[in-house]
Amino acid sequence: MRLIHDIPGGVHPPEQKFLSNQQPIRTAPLFAQYVVPLQQTVGVAATPIVSVGDRVLTGQPIGTPTGFFSAAIHAPTSGVITAIESRPAAHPSGMWDTAICIEADGQDEWYANKPVVNWRDAGHRDLIEHLRESGISGLGGASFPTAAKLDGQRPITTLIINGTECEPYITADDLLMRERAEEIRTGVEIIHQILGKPAEVIIGIEDNKPEALGIMQQAFIGTGFEVVSFPTKYPSGGEKQLIQILTGKEVPTGDIPSALGIVVQNVGTAAAVKQAVVDGQPLISRITTITGEQLEDTGNFEVRIGTRIVDLLGYTNNSIESRDVIMGGPMMGFEIKHLDAPIVKASNCLLLVEQHQQPVPVECIRCGLCAEACPASLLPQQLYWYAKADDHEKLDGYNLKDCIECGACAYVCPSNLPLVQHYRAAKGRVKVANEAKQRS
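Using this note's numbering, the letters of the sequence shown map in sequence onto residues 1 to 440.
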């Protein structure tokens with residue numbers, strides 16, 4: 001029996017997962033138009049390899065990786081390239097970004113699949129390049145290119161598979177584990193091989209998913225991998241928090257899990273790895289939760305990447321009148337300002353919420369609740385003051401870079417301060433300043 005460790009802070013917002021986890025995964029239909037952004041991962045945007053007027057097939061590469069921290073993109077269905085231009089992006093700022101636009105022909109004619117034959121005998125480099133060319137990236141939110149994450153220089157002794165899905169309302173991973181546990185298992189075995197077969201493999205699942213937990217435990221019998229349950233608390237699914245819960249180890253400030261010989265991958269990413277390697281299918285779809293109070297239709301849908309949000313919500317007959325559309329959950333999600341923006345690789349949820357007057361922020365009363373809630377043991381109050389003052393030295397000294405932007409501090413703040421927005425903006429300013437220093 002594995003010893004489970006608690007993390008500092010954390011909160012218990014209403015889970016509301018029952019709104020979307022009562023039905024099986026459904027497949028969204030094909031739509032007339034698709035908008036596929038070149039930038040869908042942390043790192044560098046893909047480079048387009050098609051031209052306006054080209055006919056493309058489902059799964060055909062339309063953008064090639066640009067360097068190490070990049071991933072390919074593929075046509076979500078067959079059709080004709082109508083434009084390569086700036087379009088609304090699924091981004092907190094409401095920015096526009098370059099995208100490849102496809103008019104679907106309704107045939108969904110597939111490009112030739114290219115599985116890895118005898119993958120158990122394949123070398124590390126062959127599997128890594130296959131994942132890069134298949135466009136696989138983290139599906140748990142961060143969307144880091146999977147090939148880059150698995151191709152580090154440090155030896156790995158522990159692989160952790162994240163089935164936590166701690167954000168309220170979201171149930172995409174829950175349903176995936178219930179329905180496709182065998183795919184996840186094969187994907188984990190492939191990742192295990194790529195990493196040189198680390199001695200320890202742990203699949204972590206919060207205890208509010210009993211059905212998924214039982215199915216996953218059954219699926220992993222005979223693998224030597226451990227499926228572990230632990231108490232529900234937000235944000236247990238944060239990468240560093242999950243490591244602490246399952247191993248008791250803390251990732252050093254400013255470093256990444258590989259410093260401890262650990263790699264973390266999401267269950268959805270594992271399933272995508274299986275589909276790429278065994279089935280030869282690139283990442284052209286994902287499971288997305290559609291949820292909210294008093295909606296016409298909630299649940300989980302397999303959605304093609306590039307599907308416009310307005311089309312998907314129209315299909316589910318959910319009215320957006322007097323509602324805001326949040327991509328992600330209520331804690332870390334952001335409002336979608338343009339509903340023509342597409343579903344991308346990181347789009348795990350569309351949450352529809354009633355429009356209401358935002359509480360008016362008032363001055364910090366120095367109550368300390370934010371520090372008690374912070375899972376990274378930071379001092380959010382101090383970071384707030386230094387972010388407002390744009391004091392980069394103090395922000396660095398108080399470890400702003402370790403903030404995971406989980407929103408626990410803002411959730412408990414009696415002054416209704418938008419703390420995460422301040423931290424996010426400050427990180428951006430610090431990054432720009434550091435880049436300017438390096439150039440000078």
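The C-beta atom is built at its ideal place from N, Cα and C for all residues, glycine as well.
For arginine 366, no alpha helix (DSSP H) encloses it, and the DSSP letter there is neither H nor E. Within the stretch 330-417, the complete beta strand (DSSP E) segments of 3 residues or longer fall at 349-354, listed in chain order. Around the beta carbon of arginine 178, 16 or more other beta carbons lie within 10 angstroms, which makes this residue buried. The criterion of a C-beta distance shorter than 9 Å is not satisfied by proline 235 and methionine 327. Per DSSP, proline 88 lies in no alpha helix (DSSP H); the unbroken beta strand (DSSP E) holding it starts and ends at 79-88. Residue ranges of uninterrupted beta strand (DSSP E) with 3 or more members, entirely inside the stretch 85-125 and ordered along the chain, are 96-104. Inside the stretch 179-257, DSSP marks whole alpha helix (DSSP H) runs of 4 or more residues at positions 181-194, 210-219, 239-247, from first to last along the chain. Valine 52 places its beta carbon less than 9 Å from that of isoleucine 84.
For leucine 150, there is no enclosing beta strand (DSSP E), as DSSP gives it neither H nor E. Using a 10 angstroms sphere on the CB of threonine 289, the tally of other CB atoms reaches 16 or more, which defines it as buried. Of the residues assessed, phenylalanine 220 falls on the buried side of the cut-off, its CB having 16 or more other CB atoms within 10 angstroms. Shown here, glycine 10 sits in coil according to DSSP, grouped into three states, outside any helix or strand. Per the Cβ contact rule, the stretch 127-145 is not in contact with the stretch 20-38 (fewer than 3 Cβ pairs under 8 Å). Within the same chain, Cβ atoms closer than 8 Å to the Cβ of alanine 433 are found at His392, the five residues on either side in sequence being excluded. Less than 9 Å separates the beta-carbon of valine 35 from that of isoleucine 100. Between the alpha carbons of threonine 41 and leucine 57 lies a gap of roughly 23 Å.
Our two residues, cysteine 370 and isoleucine 320, have alpha carbons roughly 33 Å apart in a direct line. In summary, leucine 3 is exposed, with fewer than 16 beta-carbon neighbours lying within 10 Å of its beta-carbon over all protein chains present.
With a contact defined as Cβ atoms closer than 8 Å, isoleucine 184 and alanine 271 qualify at about 5 Å. Of all C-beta pairs linking the stretch 337-356 to the stretch 281-300, three or more are shorter than 8 Å, placing the two stretches in contact. With contacts defined as CB atoms closer than 9 Å, glutamine 107 and serine 78 qualify as a contacting pair. Its chain contains Gly10, His12 as the residues whose beta carbon lies nearer than 7 Å to that of lysine 233, once the 5 sequence neighbours on both sides are disregarded; these appear in chain order. Shortest Cα-Cα distance from asparagine 266 to any of Leu139, Ala89, Gln218, Glu363 involves Leu139.
Between glycine 238 and proline 380, the C-beta gap is not smaller than 9 Å, which leaves the two residues out of contact.
Within a 10 Å sphere around the beta-carbon of cysteine 367 sit fewer than 16 other beta-carbons, which makes this residue exposed. Out of Leu176, Asn208, Gly123, the CA that lies nearest to the CA of phenylalanine 18 is found in Asn208. In this structure the stretch 300-315 does not lie against the stretch 139-152, because fewer than three pairs of beta carbons, one per stretch, are closer than 8 Å.
Distance from the CA atom of tryptophan 385 to the CA atom of proline 257, rounded to whole angstroms, is 29 Å. In this structure alanine 46 is in contact with glycine 63, their Cβ atoms being roughly 3 Å apart against a cut-off of 8 Å. Rounded to whole angstroms, leucine 351 and glutamine 357 show a C-alpha spacing of 18 Å.
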